[in-house]
Structures are given as C-alpha cells and as structure tokens.
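A quick write-up on the structure given underneath.
Numbering (my numbering), first residue to last: 1 to 562.
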C-alpha cells in the first residue's frame, strides 16, 4: 500500500471523525436549546402558578441539564415576592442561557478536547388590554332565586377575570337593565340632553339610535321624564309631590351603569345591590354596552378619569375598535325577552306645557291658546276654581267669565251680578256686566314645563285637564300623540342590528350570549347575537355560575398573545 493511499485513508478517517463529532455537537446543542426553550416558555406562562425561576430550574433538572444553566434566570417584571408568592402582572419576559461542553472524540487528535454549546432562550407572554361590558337583566322576572344565582355568577366572573390579570389591563363596565338603564350624573352631565328629570337619569333613545352601533356625542338626546301612565293626580296639598319611584327610570345607584372599573370589591358590592323590577329592554342595555366600548365615548371617560371617577390606568379607553390590540367583549344576559317600552314624545317632553300650577290653592290653569292656534287673545281656563259666588244679602250669584287673561294666582279677577237664572254649568241667562266686583286671588301660579308637569301628573290626569279646558277632541288627540310605545318585534330588530354592527369586519367585538331560563323569543334573539356556537349558553338554575366561569376562562384564553 502506497504512502498516498495511506494518506488518503487517514484524511477520510479524520474528516469522518470530525463529522461525527460535529453531529454529536449539533445533537447536544439541539437538546439543550429545546429543553431551555420549553423551560422558558413554561415559565413565561402568565397562568403558571410557580415562580418562573423555579420552573426553568425544574425543567432542566428533569433533563439532567441544570448544571449547565448560566447564572440567574432573568424575569421582568418581578413575578414573585420574596416569599415565593406569585404576583399578578400583565406581561412576563423570561430570559435564560446555558453553556454545555461537548466532548470531542476525534478532534482530540488536534488538541480539541471539547466545544462549548452556548444557547439563549427568551420568551414573553403579554396580555392585551381587555374591555368587558356585562349586560345583565334585572327585570321583574328575575325575582327570587334567579337574581340570587345571577349575583353569585357575576361576582365569580369578576373574581376569575382578575385572578390572572393585572388591574391596569382589564376594565369592566356593568349595565343592569330593565325597562330602562340608569345613567350616573357623571355621564349624564357630559351629554347634550333635552328635557329634565329631578329624580333619575335615563335616555330615551330614538329608534335610529338603537339601530346604530356608534354613539354620537354631538347629538341632543331626550332625557326620560318622570312619568306615570296610570293612577290619579300626584299633587299633594300645597306643592310638588315628593320623589316617587318612576316605573321606567329608577334613581337608585344599583340601577345605574358602571363605567370602566377594576376594583373587585366595589364591583362585588355593586352587584349585590341589584333588585328585580319592571319590564325588559334588551335593546337599551345593548346600546349602552356598545357605547361604553365605543371610541367616540372616550372624551366622557377621559373627563371621568380627570375627576377621579374612573381609574387613571384606563386613559385612552375605550380603545379604537379597529387597529388596536384591545379585546372588546360583551356578555349579554336575559331571562326573558324584550317587552314594551313607553316614552313621552316630542314636543311633549320639553319646553313649556301651557299649564300653570298654584300650589297654595291646588289649582291648575290651562292656557287655551297653547292648544288652539286659532285663538288670538290669551285665554286661561281655571280648573277647580268656582265660577259663581252666592251673595246672601242680595239673593243673587256673582259669576266670573269661564276664561281669564292670566293664570289663577297672578292677578285679580272680576265677577258680575247674575240677575237671571244661574246653572251649575256656569251659565247665567242674564248677566249684568255693569255690576262688577273685583276679587283677590290667593297664592301664585307657576308656569310648568312639560318635564315639571309629568313629574306629578299622570298621563290620564293631564288628559282630564285638557278635556275640561280645551275640549274632548283636542284632549283626545293629545292623549294619543303624547306617548309612544315600542313593541317586542321592533326592539328585537334593533338588537339584531346592533349585534351585526358589533361583530362586523375588523371591529369583531366578542359577544357571549346567556339565555338564562329565557323564553323562546329571548333564546332566539341571543342565539342570533352570539359570536359563534361556542359563545351561546342556555343555563338553568345554578348552572349560570358554571356558564359565567366558562366565559371567564374563554376570555382568559383568547386574550393571551405569544
């Protein structure tokens, strides 16, 4: 065998040996990198209950690689306290490195005993911002165990959402709805409204508002009036009625929506204050949910932050619906279906009513001109004021005119001697206007706006006032023009339009539907609104607690970005 042949064999053997060494090196590098990657990924998991450093160490111990870990595992931000207890954070970055010497079998001939494998692994898990609007039915059908179960479920949902979420990442708004949704003064005072209500704040959204998804801050919205369809005159003797529960818009804090909060204890207390009463307006609840997630509403929230009414962490919320990393979620719950809602129609919800009130004498005066455009002169009908006064010394009646030129209490009035027969209708068949006396009027009259009139006078009683002053025809026309009632079908159409808007395009607001022992119509509506088949639930009894926990878990899983 020639020297050349031996040289070639030696070269081939050496190269092959080097190749084997490099294959071993690459195998060990891959093993170390894979193990470290798995360890770091597990440690960065925000749902990991163990401290990140312990997780990395434990993974490498099981692979017999822990001795190769370089220095300390870097964790930012700090995820455990000094006692090893987990801290809730909105993001976690874990970085670790390892160095492992790999022995060389063939390269030793060239004085290379080993080659170090150096690997670095970095994993970061973060939570995008989350905005949740809980739309909860507190109508009359929720009385009893249903409301009790809902309270427990809603509180558990809040707790679970904050278990693995830093409070600056997650804001929760809650909209308890029945016939209406109460609006806190901090919000109402920032809206442009017409009408007034001294006792409670609600908005009577028009049909086009309820079919639209976005909220227009530049628009003037009608404020729900203190209103009663039935019952008698609410006037007490001598003044306005004391605050009386309105069947449509209630004043308690437990009926007012909550805007972007993160205090778990306060939210629990608020939920515990719920009570069940009134009709069901899913459309109004859904409208406010979309509003509180709508970037057009951001100026209102910003002002509330400045006033200390919303946490400063939520500056910039509601976030943009398109193009932001914020997840927006609506939890829509009902135990029934949409029922009727009645409101006062323009122009009978704002401005002057043409009706005056003398609280000292319990007397209404109606300005007839306000209702009869054909009348040129001022004519006031005094309701409850005698037309005739008996004069025993002369054995005659003194009679006043049916209509006066001012409201009772704002002047004096004349009476004339009736020389003929006086009839209870107020008619004298021989009125002598040459014999006149002037009588004083007690008290003073206040011109009532429509909101002030509705505060203490039922719809039926206003009808009676007009019937007695301007006649049956005008009173009848007013009665059927003054209010409007919306039926279930119209409200369902509005809810469907809003759900379409929420789920459309890049907006992609997630809707979880909870039909809690609901009617067929209610189930069908919430089925339509769900984001997908896995986002619809129809629990019974205590099952609602499990459903809300499942929704919380779903949101937790969906909100994580690697």
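Idealized CB from N, CA, C, for every residue including glycine.
This one's a predicted model, so the numbers in the text were calculated from it and none came from an experiment.
| query | result |
| --- | --- |
| Excluding the 5 residues preceding and the 5 following residue 433 in the sequence, name in chain order all residues of the same chain whose CB lies nearer than 7 Å to its CB. | 416 |
| Taking 8 Å as the cut-off, decide whether the C-beta atoms of residue 315 and residue 140 are in contact. | no |
| Per DSSP, what kind of secondary structure is residue 3 in: helix, strand or coil? | helix |
| Please return the same chain residues whose Cβ sits closer than 7 Å to the Cβ of residue 548, not counting the five positions on each side in sequence. | 153, 154, 156 and 157 |
| Considering only residues of the same chain and omitting the five flanking positions on each side of residue 202, which have a CB-CB separation below 8 Å? | 180, 181, 182, 183, 223, 224, 248 and 249 |
| Are there 16 or more other CB atoms within 10 angstroms of the CB of residue 390, so buried, or fewer, so exposed? | exposed |
| Compute the beta-carbon to beta-carbon distance between residue 488 and residue 339, rounded to the nearest angstrom, for a pair I have assumed lies under 8 Å. | 6 Å |
| Buried or exposed for residue 150, please, with buried defined as at least 16 other CB atoms from any protein chain shown within 10 angstroms of its CB. | buried |
| Using the C-alpha atoms, what's the distance from residue 533 back to residue 499? | 15 Å |
| Would you be able to state if there are at least three C-beta pairs under 8 Å between the stretch 160-170 and the stretch 258-266? | yes |
| Which class does residue 502 belong to by DSSP, given the choice of helix, strand or coil? | helix |
| Pull up the distance between the alpha-carbon of residue 143 and that of residue 186, whole angstroms please. | 29 Å |
| Check whether the stretch 118-125 and the stretch 33-42 touch, using three or more Cβ-Cβ pairs below 8 Å as the test. | yes |
| Count Cβ pairs between the stretch 518-528 and the stretch 300-316 that sit closer than 8 Å; are there 3 or more? | no |
| If you drop the 5 nearest sequence neighbours on each side, which residues of the same chain put their C-beta closer than 7 Å to that of residue 561? | Its pLDDT being 40, under 50, residue 561 is placed unreliably by the model, and nothing is read from it. |
| For the putative contact between residue 385 and residue 408, defined by C-beta atoms under 8 Å, what is the C-beta separation to the nearest angstrom? | 6 Å |
| Starting from the Cα of residue 394, find the closest Cα among 296, 171 and 419 and give me that residue. | 419 |
| Tell me the residue span of the beta strand (DSSP E) that contains residue 260. | 258-261 |
| Where does residue 245 fall in DSSP's three states? | Note on residue 245: pLDDT 42, under 50, position unreliable in the model; the coordinate value appears next. In this structure, residue 245 counts as coil in the three-state DSSP scheme. |
| Residue 84 to residue 550, Cα distance in whole Å? | 29 Å |
| May I have the straight-line CA-CA distance separating residue 541 from residue 515, to the nearest angstrom? | 12 Å |
| How far does the alpha helix (DSSP H) with residue 101 in it reach, from first residue to last? | Run containing residue 101: none in the alpha helix (DSSP H); it sits in the beta strand (DSSP E), 91-103. |
| If I'm right that residue 282 touches residue 495 with Cβ under 8 Å, what's the distance once you round it to whole angstroms? | 5 Å |
| Rounded to a whole number of angstroms, what is the C-alpha to C-alpha distance between residue 210 and residue 192? | 17 Å |
| Quick check on DSSP: helix, strand or coil for residue 480? | helix |
| Can you tell me where the alpha helix (DSSP H) holding residue 57 begins and where it ends? | 52-62 |
| Which parts of the stretch 109-176 are runs of the beta strand (DSSP E), unbroken and 3 residues or longer, counting only runs that do not cross its ends? | 114-127 and 130-137 |
| Run the CB neighbour count on residue 430, radius 10 Å, all protein chains shown included, and call it buried at 16 or more, exposed below. | exposed |
| So what's residue 297 in DSSP terms, helix, strand or just coil? | helix |
| Residues in the same chain with beta-carbon distance under 8 Å from residue 403, minus the five sequence neighbours each way, listed in chain order, please. | 368, 379, 380 and 381 |
| Which of the three DSSP states is assigned to residue 282 in this structure? | helix |
| Can you name, in chain order, every residue of its own chain whose Cβ lies under 6 Å from the Cβ of residue 535, other than the five neighbours on each side? | 512 |
| Using a 10 Å radius around the Cβ and a threshold of 16 neighbouring Cβ atoms, would you call residue 48 buried or exposed? | buried |
| State the Cα-Cα distance for the pair residue 529 and residue 51, rounded to the nearest angstrom. | 41 Å |
| Given residue 342, which residues of its chain have a CB within under 6 Å of its CB, disregarding the five upstream and five downstream residues? | 483 and 485 |
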